[in-house]
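This report refers to the structure that appears directly beneath it.
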Amino acid sequence: MDIFLIVLGAILTNNILLTTFLGICPFIGVSGEYASASGMGMAVIFVLTMTLPVNWLIKHFILDPLGVGYLSLIVYIVTIAFLVQVVEMFMKRFLPALYNSLGIFLPLITVNCAILGGVLFALATWNLGFMESVAYGFGGGVGWALAIILMAAIRERLRFAPIPEGLKGPGIALIIAGLMAMSFVGFSGMINIRDFGG
Amino acid sequence: MAEGKTAVMQRASAPAIPLTQRLPQTKGWKELVQDIWDDNPTFRMILAMCPTMGATNMAINGMAQGLATLIATVASSATVAALRTIIPAEVRLPSYMIIIAFWVTIVDIFLRAYLPPLSAALGPYVPLIITNCFVLGRAEAFASQNSPGLSALDALGVGLGFTMSLTLLGIVRELLGFGSLFGIQIFSGWTPWVIMIIPAGAFLLVGIYVGIVKHFSPGGQIGGGA
Chain A
399 MDIFLIVLGA ILTNNILLTT FLGICPFIGV SGEYASASGM GMAVIFVLTM
449 TLPVNWLIKH FILDPLGVGY LSLIVYIVTI AFLVQVVEMF MKRFLPALYN
499 SLGIFLPLIT VNCAILGGVL FALATWNLGF MESVAYGFGG GVGWALAIIL
549 MAAIRERLRF APIPEGLKGP GIALIIAGLM AMSFVGFSGM INIRDFGG
Chain B
8 MAEGKTAVMQ RASAPAIPLT QRLPQTKGWK ELVQDIWDDN PTFRMILAMC
58 PTMGATNMAI NGMAQGLATL IATVASSATV AALRTIIPAE VRLPSYMIII
108 AFWVTIVDIF LRAYLPPLSA ALGPYVPLII TNCFVLGRAE AFASQNSPGL
158 SALDALGVGL GFTMSLTLLG IVRELLGFGS LFGIQIFSGW TPWVIMIIPA
208 GAFLLVGIYV GIVKHFSPGG QIGGGA
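As given, the protein sequences belong to chains A and B, one line each in that order.
Residue numbers for the first sequence follow our numbering, so the first one is 399 and each next one is one higher.
Residue numbers for the second sequence follow our numbering, so the first one is 8 and each next one is one higher.
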């Protein structure tokens, strides 16, 4: 039950993009087209779900026992870069169709703040347990994907809307994101992931 | 490049010109000014959006986040430039990431030790400077091909432009959201605009800023990064 609540909380109340502002650059940059947006969303779900358990194990079995917490940032980012590489090779070998549809988005995920941000929230800010971290990783990824796919769908329709010259492109995208964030405020308070932390 | 060369030639032929007139001609100065305004990371390039929104609910937070990023960017760019002949091209991106992570860790530890309230207010946005797109962007696009001094100036320009944008956002959000400025109450009996404190207000405000900047100087490139 806890696991289900955390997944739901990560998607709605603690949406990684609309409430904690992580991963906004690709959110604005890649949401112009529906197909690429959903590809990016899938890639983020994949990597975030893989990264959190691995970094959790590294934190609890290597960094904490050795007392080298100050190295955590460097270790996390290297782990993320390494995992993205592994995921890329794995997909190329076993899921070529998905690999081709993701294209350039996979390597770009290393510098997506949603990944490192998700790791930092789960492991440093909230100090979640192992299964809770996995659930948060999956839910966070799904929440991010949901936001970018919604955004891409809206922007496809905006193509024919009369928008003031200065606001075309990123300007109007940010304002739409603001309206979306406003609607997500309605979920706030329903579930608080902080309560599941140790 | 060509402009830089002429500037150097002018400097060599006419050394009597005072520094105040000579400075705007130098290459470093041009990089600095260009990065502050023409290539402003926030309103022009739409880069580094996460800290732009997450850490600007108060003017002081925005400024601190900007300065922390500035220090990390300058240090990383100078280090990358100093090591540019040693780092093999095949592994340059992971190497840059490690250099950046090293400097960001130092900034983070420094803030936690000497300015704990500020560090707590900024939360994960200081460690997240690692994934700040323009820090890696400056390392890859500029520092990997230029001298440490010039790279530091280039990074300083981007950092100053970023600090300026973040402080500007923080000022508006704090004024409307809390009725105060840098923690000092400006309007007494102010009804707070909750929208400016929550995420939605940050998105709206940045969108409006981007629109204003683009409206008044339509030239230049506005792009969305990854």
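For each residue, glycine too, the CB sits at the ideal point set by N, CA and C.
Following the continuous alpha helix (DSSP H) through residue i, name the residue where it begins and the one where it ends.
i, result
"Asp400 (chain A)", "Asp400 to Ile409"
"Asn619 (chain A)", "In the structure as shown, chain A starts at 399 and stops at 596, and residue 619 (chain A) therefore has no counterpart that could be examined."
"Lys490 (chain A)", "Ser470 to Phe492"
"Phe582 (chain A)", "Pro568 to Val583"
"Val452 (chain A)", "Tyr432 to Ile456"
"Pro206 (chain B)", "Pro206 to Phe223"
"Glu530 (chain A)", "Phe528 to Leu556"
"Asp115 (chain B)", "Arg99 to Tyr121"
"Val87 (chain B)", "Ala66 to Ala89"
"Trp36 (chain B)", "Lys34 to Val40"
"Asp161 (chain B)", "Pro155 to Phe185"
"Met56 (chain B)", "Met56 to Gly61"
"Gly427 (chain A)", "Ile422 to Gly427"
"Ala150 (chain B)", "Where Ala150 (chain B) is concerned, there is no enclosing alpha helix (DSSP H), given that its DSSP letter is neither H nor E."
CA-CA distance, residue i and residue j?
i, j, result
"Gly208 (chain B)", "Ser586 (chain A)", "16 Å"
"Met16 (chain B)", "Pro568 (chain A)", "Caution is warranted here: a pLDDT of 45 is assigned to Met16 (chain B), below 50, making its placement in the model unreliable, and no coordinate value can be reported."
"Leu446 (chain A)", "Asn413 (chain A)", "14 Å"
"Leu125 (chain B)", "Asn153 (chain B)", "34 Å"
"Val213 (chain B)", "Ile513 (chain A)", "23 Å"
"Met104 (chain B)", "Cys511 (chain A)", "13 Å"
"Leu500 (chain A)", "Gly541 (chain A)", "18 Å"
"Ala79 (chain B)", "Leu410 (chain A)", "33 Å"
"Leu135 (chain B)", "Ile106 (chain B)", "14 Å"
"Pro101 (chain B)", "Ala479 (chain A)", "8 Å"
"Ala82 (chain B)", "Ile113 (chain B)", "11 Å"
"Gly130 (chain B)", "Gly516 (chain A)", "13 Å"
"Thr63 (chain B)", "Leu469 (chain A)", "27 Å"
"Leu143 (chain B)", "Arg99 (chain B)", "11 Å"
"Thr86 (chain B)", "Phe594 (chain A)", "41 Å"
"Gly61 (chain B)", "Ile202 (chain B)", "14 Å"
"Ala71 (chain B)", "Met171 (chain B)", "11 Å"
"Trp110 (chain B)", "Met52 (chain B)", "24 Å"
"Ile573 (chain A)", "Trp454 (chain A)", "36 Å"
"Leu504 (chain A)", "Phe459 (chain A)", "28 Å"
"Arg119 (chain B)", "Leu518 (chain A)", "16 Å"
"Thr13 (chain B)", "Val428 (chain A)", "Caution is warranted here: a pLDDT of 48 is assigned to Thr13 (chain B), below 50, making its placement in the model unreliable, and the coordinate value is therefore given only provisionally. Their Cα atoms are separated by approximately 40 Å."
Given that a residue counts as buried once 16 or more other Cβ atoms are within 10 Å of its Cβ, and exposed if not, what is residue i?
i, result
"Asn498 (chain A)", "exposed"
"Ala495 (chain A)", "exposed"
"Val217 (chain B)", "buried"
"Gly576 (chain A)", "buried"
"Pro467 (chain A)", "A small fix is needed here, since residue 467 (chain A) is Gly in this sequence, not Pro. Classification of Gly467 (chain A): exposed, given that the 10 Å Cβ count is below 16."
"Val484 (chain A)", "exposed"
"Phe189 (chain B)", "exposed"
"Leu403 (chain A)", "buried"
"Lys490 (chain A)", "exposed"
"Arg592 (chain A)", "exposed"
"Leu406 (chain A)", "buried"
"Ala579 (chain A)", "buried"
"Arg115 (chain B)", "One point to set straight first is that residue 115 (chain B) is Asp, not Arg, in the sequence displayed. The residue in question, Asp115 (chain B), is buried, as its Cβ has 16 or more Cβ neighbours within 10 Å."
"Leu175 (chain B)", "buried"
"Ile93 (chain B)", "exposed"
"Pro123 (chain B)", "exposed"
Taking Cβ to Cβ, would you say residue i is nearer than 8 Å to residue j?
i, j, result
"Gly430 (chain A)", "Arg553 (chain A)", "yes"
"Gly234 (chain B)", "Leu173 (chain B)", "Residue 234 (chain B) lies beyond the range of chain B shown here (8 to 233); nothing can be said about it."
"Leu416 (chain A)", "Phe582 (chain A)", "yes"
"Pro48 (chain B)", "Phe169 (chain B)", "yes"
"Pro58 (chain B)", "Tyr121 (chain B)", "no"
"Ala520 (chain A)", "Leu450 (chain A)", "yes"
"Val442 (chain A)", "Thr477 (chain A)", "no"
"Leu54 (chain B)", "Gly164 (chain B)", "no"
"Val532 (chain A)", "Ile507 (chain A)", "no"
"Ser436 (chain A)", "Ile547 (chain A)", "yes"
"Val509 (chain A)", "Thr138 (chain B)", "yes"
"Tyr432 (chain A)", "Ala545 (chain A)", "no"
"Ile472 (chain A)", "Ala108 (chain B)", "yes"
"Arg166 (chain B)", "Gly69 (chain B)", "Checking the displayed sequence, the identity of residue 166 (chain B) turns out to be Gly instead of Arg. No; because the gap between Cβ atoms is not below 8 Å, this pair is not in contact."
"Ile204 (chain B)", "Gly564 (chain A)", "no"
"Ser84 (chain B)", "Arg145 (chain B)", "yes"
"Ala543 (chain A)", "Gly439 (chain A)", "yes"
"Ala408 (chain A)", "Gly584 (chain A)", "no"
"Ile426 (chain A)", "Met65 (chain B)", "no"
task: Assess, as a yes-or-no matter, whether the segment 558-569 of chain A is touched by the segment 185-198 of chain B under the definition of 3 or more beta carbon pairs within less than 8 Å.
output: no
- prompt: Are the segment 177-190 of chain B and the segment 207-221 of chain B touching, with three or more C-beta to C-beta distances below 8 Å?
  reply: yes
- request: Would you check if the segment 154-166 of chain B and the segment 526-533 of chain A touch, i.e. whether three or more CB-CB distances between them fall below 8 Å?
  value: no
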